[in-house]
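Chemist: For reference, the structure I am asking about is given below.
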Amino acid sequence: MNAPLTPRKLRVATASLSGCFGCHMSFLDIDERLLELAALVDFDRSPITDIKHCSQRCDVALVEGGVCNAENVHVLRELRANSKMVVALGACAVNGGLPAQRNHLDVGQCLQQVYRTPDGSTAIPNDPELPLLLDKVYPINEIVRVDYFLPGCPPSGDTIWKFMTDLLTGRTPRIEHPLLKFD
Amino acid sequence: MSDISSANSFSIDGQRIAFTPGQTILEAALAAGVYIPHLCHHPELTPHGSCKLCTVVVNGRNGSACTQKAMPGIEVENNSPALNDRRRVLLQMLFVEGNHFCPGCEKSGNCQLQALAYDLEMLTPHFRHAFPARPVDTTHPDVWLDLNRCVMCELCVRASRDLDGKSVFMLAGRGAESRIVVNSPSGLLGDSELSIDDRAAHVCPVGAILPKRVGYAVPIGQRQFDAAPISRQVDYLARRHIPIVPVTEELVK
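Sequence lines, in order, name chains R and Z.
Just so we're aligned, residue 1 is where the first sequence starts under UniProt numbering, counting upward by one.
Just so we're aligned, residue 1 is where the second sequence starts under UniProt numbering, counting upward by one.
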């Protein structure tokens, strides 16, 4: 007789690109179910663990926020390269969201306006440490392949819980009324 | 349903549907409580057939349920995975073509485009976003026009022309250049004949034409499509009326 398979914990990475961390807050909003989840998953690279780079190959990467600058592209590509499944978490990752409201403007003119000083000159920050802005804010699926999408601003704790539990129990994740919300 | 005979009935997905001569497939279906997804149709206006979401297969051929007349004995395929997949793609194309950002839109929860996307479980717009630059017109004292959210269903065109007798709106341009234009010397809504009492001011299925000062009088969570998915609100879809009384005064209080 075969020995029963020992359940393996899922490795989960999370990241916030051009987002407001609202989706991460919503993740914490699953409240005491976090303890249940902690028994089933290990967090790798994530603001929750403060690990900056994937320490090993992850099963799931939850990505909040759109892609607005060069650093976002690097982080997103690293997550894609190190994860079996990339999930767009929230409106900004799905369609650019609030940051994408600049997309019909020229990014150069945008900076000129924002960093205009009272005397009429402009002082646009220009430090090698600062990642360069992209011409537009992109949904993450326009940069890398994305396996699943959880829309919502933010997706509710219940929506995230439904997705994680579907995944952990081997069901095809399904988000429908009343959990599916774009706002 | 003993009065259903083959002379005045047809079938949708195998279910017998009675109709009265002159009814379209969509009208007969909604009257019988059968849901067919639709966006540019409104029971008070003449059919338009532009959004193609109500596309069904009639005796093996595609057709718009909102424009095609019900005929005795036809066999209509409606709620099939293949048709719903195509409808979802149509919705995705509508989403990427304009700027549809639900978190910042006061129509959210009452929006038919959003409700259809929820019902067909559209999780992502999928295609590359166009992020077009489109104008917002706030010149009218009681109504504002945000073309970012327009899906060019022409419900406002029809309501203004056929119900209000004013022809305030018209579709101009072709293909990707298509857009709603306003009939006024300056092209601005404030200089047009549009009044808050007009049905054209209230018919918009998305958040493109909105009455001012009532944005969140009905809170998010208590709106038309919050209670149940649009597919389970067939009675509402079949009987809804465009408000004639301005909603402004009573709701602002």
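Every residue, glycine too, gets a C-beta built ideally from N, C-alpha and C.
So, does the CB of E176 (chain R) fall closer than 8 Å to a CB anywhere in chain Z?
Modeler: Within the first sequence, numbered from 1, the residue matching residue 176 (chain R) stands at position 176. So, interface residue.
Chemist: Identify whether V75 (chain R) lies in helix, strand or coil by the three-state DSSP scheme.
Modeler: For this step, residue 75 (chain R) is matched to residue 75 along the first sequence. It is helical.
Chemist: For F163 (chain R) and chain Z, any beta-carbon pair shorter than 8 Å?
Modeler: Taking the first sequence and counting its residues from 1, one reaches residue 163 (chain R) at position 163. No, because no Cβ of chain Z sits closer than 8 Å to the Cβ of F163 (chain R).
Chemist: Looking at the strands, I want to know which residues DSSP matches up with C40 (chain Z).
Modeler: Position 40 of the second sequence, counted from the first residue, corresponds to residue 40 (chain Z). Answer is none; C40 (chain Z) lacks a bridge partner.
Chemist: Distance cutoff 8 Å, beta carbons only. Does H41 (chain Z) sit that close to anything in chain R?
Modeler: Locating residue 41 (chain Z) in the second sequence gives position 41, counting from the first residue. Judged by the 8 Å Cβ criterion, H41 (chain Z) is not in contact with chain R.
Chemist: Count the other CB atoms within 10 Å of the CB of K253 (chain Z); is the residue buried (16 or more) or exposed (fewer)?
Modeler: The sequence position of residue 253 (chain Z) within the second sequence is 253, counting from 1. Unreliable positioning characterises K253 (chain Z) in this predicted model, as indicated by a pLDDT of 47, which lies under 50. The coordinate reading is nonetheless provided below. Exposed.
Chemist: Between the Cα of F101 (chain Z) and the Cα atoms of R:P139, R:D119 and R:D44, which residue gives the shortest distance?
Modeler: Counted from its first residue, the second sequence places residue 101 (chain Z) at position 101. Among R:P139, R:D119 and R:D44, the Cα nearest to that of F101 (chain Z) belongs to R:P139.
Chemist: Distance cutoff 8 Å, beta carbons only. Does T138 (chain Z) sit that close to anything in chain R?
Modeler: Position 138 of the second sequence holds residue 138 (chain Z). For T138 (chain Z), the answer is no, since every Cβ of chain R falls outside 8 Å of its Cβ.
Chemist: Is it buried or exposed for F21 (chain R), if we count other Cβ within 10 angstroms and need 16 for buried?
Modeler: In the first sequence, counting from the first residue as 1, residue 21 (chain R) sits at position 21. So F21 (chain R) ends up on the exposed side.
Chemist: So, with DSSP's three-state summary, where would you put Q112 (chain Z)?
Modeler: Here the question's residue 112 (chain Z) lines up with position 112 in the second sequence. Helix at Q112 (chain Z).
Chemist: Using beta carbons (cut-off 8 Å, strictly below), is E142 (chain R) in contact with chain Z?
Modeler: Counted from its first residue, the first sequence places residue 142 (chain R) at position 142. So, interface residue.
Chemist: By the three-class DSSP mapping on this structure, what secondary structure does residue 273 (chain Z) have?
Modeler: Coverage of chain Z is limited to positions 1 through 253, which leaves residue 273 (chain Z) absent and any answer about it impossible.
Chemist: Determine contact between the stretch 139-156 of chain R and the stretch 83-95 of chain R, defined as no fewer than three beta-carbon pairs at a distance below 8 Å.
Modeler: Output reads yes: the stretch 83-95 of chain R touches the stretch 139-156 of chain R.
Chemist: Select from R:G90, R:G66 and R:R80 the residue whose C-alpha is nearest the C-alpha of T159 (chain R).
Modeler: Taking the first sequence and counting its residues from 1, the one referred to as residue 159 (chain R) is at position 159. Closest by alpha carbon: R:G90.
Chemist: I believe V56 (chain Z) touches N78 (chain Z) by the beta-carbon criterion, under 8 Å. Please report the beta-carbon distance rounded to the nearest angstrom.
Modeler: In the second sequence, counting from the first residue as 1, residue 56 (chain Z) sits at position 56. In the second sequence, counting from the first residue as 1, residue 78 (chain Z) sits at position 78. Rounded, the Cβ-Cβ distance is 5 Å, consistent with contact.
Chemist: For chain R, is any of its Cβ atoms less than 8 Å away from the one on Q114 (chain Z)?
Modeler: As a first step, residue 114 (chain Z) must be located in the second sequence, where it is residue number 114. For Q114 (chain Z), the answer is yes, since a Cβ of chain R falls inside 8 Å of its Cβ.
Chemist: Less than 8 Å between CB atoms is the rule here; does C153 (chain R) satisfy it with respect to chain Z?
Modeler: Translated into positions along the first sequence, residue 153 (chain R) becomes position 153. Closer than 8 Å: yes.
Chemist: In angstroms with no decimal places, state the Cα-to-Cα distance between F131 (chain Z) and H24 (chain R).
Modeler: Working through the second sequence from its first residue, we reach residue 131 (chain Z) at position 131. Working through the first sequence from its first residue, we reach residue 24 (chain R) at position 24. Each residue's Cα considered, the two are about 26 Å apart.
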